[in-house]
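Colleague: Please see the structure below; I have some questions.
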């Protein structure tokens with residue numbers, strides 16, 4: 023049994039939880055929130071998956087528990103800001119509204135303890151497919167669901183055979199040239215927006231690819247997701263940013279071996295929680 027110590031940070035960034043989808047690893051996130059706290063928590067979009075809920079209602083108790091957990095943190099003094107994404111775009115009609123102490127907005131500038139300024143935004147605004155060809159985006163979303171379903175079946179068999187967890191969808195993402203090119207283009211465009219508004223960096227989600235890296239002088243940070251990688255970004259009280267991977271710490275306890283990233287740009291700053 024792994025001993026886990028509770029930790030508190032200045033700021034915690036989470037995105038792409040996709041509550042309402044069968045792929046959401048709600049139990050992992052509940053554990054993570056149990057041991058991690060922060061003065062300020064940014065929910066960087068796609069926390070609730072409105073697209074899937076419209077197709078097929080799925081809201082088990084664990085998903086409700088996450089909402090209640092966040093509301094409790096708010097009541098205990100944490101500032102929680104919800105940046106709307108494309109899967110929860112219905113919230114963009116409620117910018118400036120507070121729900122149980124959670125503030126809703128489209129984007130915000132965050133200043134770190136060491137004085138750096140980061141644009142915090144989900145990132146779908148810079149995805150030309152989401153903006154200009156929504157039917158293709160919906161088709162891609164369906165294909166991702168199918169890949170996750172294959173993951174589930176495949177890894178049940180692999181566990182029976184005593185084999186490690188292996189992500190088919192992540193493998194496909196980083197072996198398909200168009201997907202790799204899309205990730206690179208997305209990172210460049212989002213970083214350009216941060217530069218345009220005078221920010222030192224950008225913190226986003228959307229593409230489910232967690233990383234901390236420098237792109238032409240801009241610190242590009244992506245929080246990843248809670249469907250496959252189960253990652254989060256934290257800001258320490260000295261302003262230092264760190265990428266945490268929850269499955270690397272508790273994967274074996276949950277019956278999974280640690281998830282290994284399949285891209286070649288794995289951030290050196292990534293550490294287990």
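Residue numbers (the numbering used here): 23 to 295. Where is the CB? At the ideal position from N, CA and C, for every residue including glycine. Everything numeric in this text was worked out from a predicted model, so none of it was measured.
Any chance the segment 44-54 sits against the segment 126-140, with 3 or more Cβ pairs inside 8 Å?
Modeller: No, the segment 44-54 is not in contact with the segment 126-140.
Colleague: Beta-carbon within less than 8 Å of residue 84's beta-carbon, same chain only, minus the 5 sequence neighbours each way: which residues are those?
Modeller: Excluding positions up to five away in sequence, the list reads 48, 49, 52.
Colleague: In terms of alpha-carbon separation, which member of 80, 239, 266 lies closest to residue 138?
Modeller: Residue 138 has its Cα closest to that of 239, out of 80, 239, 266.
Colleague: Can you grab the Cα-Cα spacing for the pair residue 54 / residue 267, in whole Å?
Modeller: Rounded to whole angstroms, residue 54 to residue 267 spans 10 Å at the Cα level.
Colleague: Should the segment 36-44 be called in touch with the segment 81-100, which here means at least 3 C-beta pairs below 8 Å?
Modeller: Yes, the segment 36-44 touches the segment 81-100.
Colleague: With respect to the beta strand (DSSP E) encompassing residue 117, which residues constitute its N-terminal and C-terminal limits?
Modeller: Segment: none, residue 117 is in no beta strand (DSSP E) and carries neither H nor E.
Colleague: Just the Cα atoms here: how many angstroms apart are residue 254 and residue 183?
Modeller: For residue 254 and residue 183, the distance between alpha carbons rounds to 31 Å.
Colleague: Would you mind stating whether residue 211 and residue 140 have Cβ atoms separated by less than 8 Å?
Modeller: It is not a contact, given that the beta carbons lie outside the stated cut-off.
Colleague: With distances taken between CB atoms, is the gap from residue 102 to residue 224 smaller than 8 Å?
Modeller: Cβ distance not < 8 Å, so residue 102 and residue 224 don't count as in contact.
Colleague: In the DSSP output, which residue or residues are listed as bridge partners for residue 130?
Modeller: DSSP lists 142 as partners of residue 130.
Colleague: Distance check for residue 256 and residue 27, CA to CA, integer angstroms please.
Modeller: One C-alpha to the other measures close to 16 Å.
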